[in-house]
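Comments concern the structure below.
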Amino acid sequence: MSDSTFDADGITLEQVREYVWEIPQEGDMRTPARVLASEALLEEIKEDKTLQQLKNTTHLPGITKHAICMPDGHQGYGFPVGGVGALDAENGCISPGAVGYDINCGVRMMKTNLTYDDLKGRETELVDSLFANVPSGLGGGGIVESGVDTVDEILARGVDWALENSYAVEDDLRHCEDEGTREEADPSKISQKAKDRGKNQIGSLGSGNHFLEVQRVTDVFHDEVGSAYGLEKDQIVVLIHCGSRGLGHQTCNDYLRKIEKQHQGLLNTLPDKELAAAPAGSQLAEDYYGAMNAAINFAWVNRQLIMHRTREVFERVFDQSWEDMEMDLLYDVAHNIAKKEVHDVDGEKRELYVHRKGATRAFPAGHPEVPKAYRDVGQPVIIPGSMGTGSYVLRGGENSMELTFGSTAHGAGRLMSRTQAKSEYWGGDVQDELEEQDQIYVKAQSGATVAEEAPGVYKDVDEVVRISDELGIGDKVARTFPVCNIKG
Amino acid sequence: MTPHQGQRFELREHTADIAVEAAGNTLEDVFAAVAEGLAAASCDETPDASGDRFSLSVTAESREALLFDYLDDLIYLRDVRVELPVDHRVETISHSDDADETACWTLEASARGVPLAEIDAREVKAVTYSEMRLERVDDEWEAYVVFDV
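Next comes the structure, spelled out in structure tokens:
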């Protein structure tokens, strides 16, 4: 252990090595906690309750090695956003609160063979058409209006349902984690209330930080991996960020309440009720795992439908078929998820529920769970920045299995509260500035959302990615810059 | 969306989400004040007369669980009715000592549902238990609730 320490207003972090900080185990903590950050990022992380929430996470039974905060970490509810916690799947627990409300909130990137020059001059037409055709905001409906029977099919089959109904092609499945279907999904474990919320929202962005963004590739840092991913400078790509909508939110709350009623003893040992967990092996743990996997399928279909609609919009705007524009899925990554995974812990293979809350799986080259298309180079990791800064494509780094249970950051990470953002920014001004200074065309249902998501409310995504790259948990492959952005 | 006499709320800072701090003369008042805070977090301005009133009733095993389930129900009803519930009235909160312990707190409330198509509303995803506080301080009730946005 190095002598260097960082004092975060009462919580002392000891430096393990460059960019790795540890909060030593004390009191009822079952393990130490770790933060992966530069000192500049730590200065921001210490400003809210992130570190206390990270310490609280180490109280969960079965927590293995340490609870970890990624470089983009910030305060959430219960578990910090940017948190990774691996809980023993035999003797530990699974925590709906630590997965979060928006189960399988995530990001997918679709490529095109268009260049920025092909798009220039048509930004307004494109952003207007996307905004008119991709449902967003509250009460905007979905791409598919359906009954509960369809919801059940989607929950059970994921993107396979989309394939059968002509919303996907085989190639989309080959470029999605688990081929877009969690086989352990059990739709019967999702409540009627959750299904009722979901049936009007299949294929919709929602609001808050969710968006659809057309981007141009500005840099390719790694030629070999860039080529394997099919990314080139000046290429147009589309990034879609959303999750499981009301169905996922309701499922999380349904299970928090069930745990409160059935596992009060465990709950009473935890410092924050929002960490509510079901003991591994209990009926409720099995039920939640089946429900969560079903909600994961729902979120994948949600993003698939939005991608399908985006292909149709591009066909109309550019008067070419989407196949001719090579609008192929690069990859789809989940940000809020708990997955049973086998990891090497002190030389022993152990099955763990790896909770990633605002964190991305980042498996390296050679890992058997990386889709065949990317197994030689490592899985793509997509890190969205704010609507005024770049986003990144990384690849799973070779140190990720040892340092982070195969995980890295998920975005820039918020810096400023929504209430403060609204007092500092005006949506209309933010939109005008982005268009005039950076040629970024933004269209939103609500001006307040634009203010709440202004570029200044986020951390420096470049610094977050630099730390991921330096630690070798997610290596920089390419950078993109926004062209058109629609949001709720 | 001005709270009724005896109720008040403030939206509080939270890095990613939003918190409502509320107070009221009675338990009914503080529940309604938190619900008004939820509406305010969803929409800056709502029309005064639009939409019809609807009733809801909630049962739960404790006071805090009742507050959680009430707010959870309002968010559920927003999605399925496609209306933002505003002008909240909590008519009664009753507690039965000898009832089944799993559901001994009951609430009867109503709200006006403003069609989402008529307003510029943002999505509050869910109520959370994180840092939740509901307590009697001197002569009034206070509550603090974090919502996931």
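The listed protein sequences correspond, in order, to chains A and B. Just so you know, we're using the working numbering here: the first sequence kicks off at 1 and counts up by one. Just so you know, we're using the working numbering here: the second sequence kicks off at 1 and counts up by one. Virtual Cβ for every residue (Gly too), placed ideally from N, Cα, C.
Are the CB atoms of residue j and residue i within a distance shorter than 8 Å?
i	j	result
B:Arg152	A:Leu138	Beyond the ends of chain B as shown, which are 1 and 149, falls residue 152 of chain B; an answer cannot be given.
A:Lys357	A:Phe79	yes
A:Arg17	A:His66	no
A:Gly390	A:Arg466	no
A:Ala359	A:His410	yes
B:Leu134	B:Arg89	no
A:Gly92	A:Tyr288	no
A:Glu435	A:Ser386	no
A:Cys242	A:Tyr101	no
A:Gly106	A:Ala334	yes
A:Leu119	A:Lys487	no
A:Glu402	A:Pro364	no
A:Val159	A:Val477	no
A:Leu247	A:Ala295	yes
A:Ala40	A:Trp21	no
B:Tyr76	B:Leu107	no
A:Ala86	A:Thr64	yes
The alpha helix (DSSP H) spanning residue i covers which residue range?
i	result
A:Asp172	Glu170 to Arg174
A:Pro96	Pro96 to Val99
A:Leu270	Careful: A:Leu270 lies outside any alpha helix (DSSP H) and carries neither H nor E.
A:Ser321	Note, A:Ser321: premise wrong, no alpha helix (DSSP H); not H, not E.
A:Met327	Taken as a continuous stretch (DSSP letters only), A:Met327 belongs to no alpha helix (DSSP H), as it is neither H nor E.
A:Ile154	Val148 to Arg157
B:Ile75	Arg63 to Arg81
A:Ile467	Val461 to Leu471
Under 8 Å, Cβ to Cβ, is there at least one residue of chain A near residue i?
i	result
B:Arg53	no
B:Val34	no
B:Glu61	yes
B:His14	yes
B:Val82	yes
B:Leu11	yes
B:Thr128	yes
B:Arg8	no
B:Gly116	At residue 116 of chain B the sequence reads Leu, which differs from the Gly that was named. Chain A contact via Cβ: present.
Identify, in the order they occur along the chain, each residue of the same chain with its Cβ nearer than 8 Å to the Cβ of residue i, setting aside the five sequence neighbours on each side.
i	result
B:Phe9	Pro3, Val20, Glu21, Ala22, Ala23, Ala33, Val34, Glu36, Gly37 and Ala40
B:Asp97	Cys104
A:Ile11	Ile23, Lys46, Leu51, Gln52 and Lys55
B:His14	Val146
A:Trp322	Arg311, Glu312, Phe314 and Glu315
A:Glu260	Leu267, Lys273 and Ala276
A:Asp48	His74 and Gln75
Spell out whether any CB of chain B is found under 8 Å from the CB atom of residue i.
i	result
A:Ala448	yes
A:Glu260	yes
A:Arg418	yes
A:Ser207	yes
A:Asn253	yes
A:Arg466	no
A:Glu43	no
A:Gln75	yes
A:Gly121	no
Answer yes or no: does any C-beta atom of chain E fall closer than 8 Å to that of residue i?
i	result
A:Asp48	Absent here is chain E; the protein component of the structure consists of chains A and B.
Looking at the secondary structure, which residues open and close the beta strand (DSSP E) in which residue i lies?
i	result
B:Ser110	Trp105 to Pro115
A:Cys252	Element bounds for A:Cys252: not the beta strand (DSSP E) but the alpha helix (DSSP H), Arg245 to Gln262.
A:Thr115	Gly106 to Thr115
A:Asp72	Ala67 to Tyr77
B:Asp148	Glu140 to Asp148
A:Lys443	Tyr441 to Ala444
A:Phe6	Thr5 to Ala8
A:Gln25	Segment: none, A:Gln25 is in no beta strand (DSSP E) and carries neither H nor E.
A:Arg356	Glu348 to Lys357
A:Val220	Phe211 to Val220
A:Glu43	That residue, A:Glu43, is in no beta strand (DSSP E); its alpha helix (DSSP H) goes Glu39 to Ile45.
B:Ala60	Asp52 to Ala60
Could you pull out every residue in the same chain whose Cβ sits closer than 7 Å to the Cβ of residue i, ignoring the five residues on either side in sequence?
i	result
B:Glu131	Tyr144 and Val146
A:Val430	Val450, Ala451 and Ala454
B:Glu83	Gly51, Gly113, Val114, Pro115 and Leu116
A:Pro380	Tyr229, Leu330, Tyr331, Tyr374, Val393 and Arg395
A:Val317	Arg122, Glu125, Leu126 and Ser129
A:Glu44	Leu415 and Lys459
A:Met1	Per-residue confidence for A:Met1 stands at a pLDDT of 47, beneath the threshold of 50, marking its modelled position as unreliable; no derived number is given.
B:Tyr129	Phe68
On the DSSP bridge list, what partners appear for residue i?
i	result
A:Tyr392	A:Ile383 and A:Arg479
B:Ile93	B:Leu107
B:Glu21	B:Glu10 and B:Tyr144
Would you say the beta carbon of residue i is closer than 7 Å to some non-hydrogen atom of the ligand GDP?
i	result
A:Ile236	Although the ligand GDP was asked about, the structure shown includes no ligands whatsoever.
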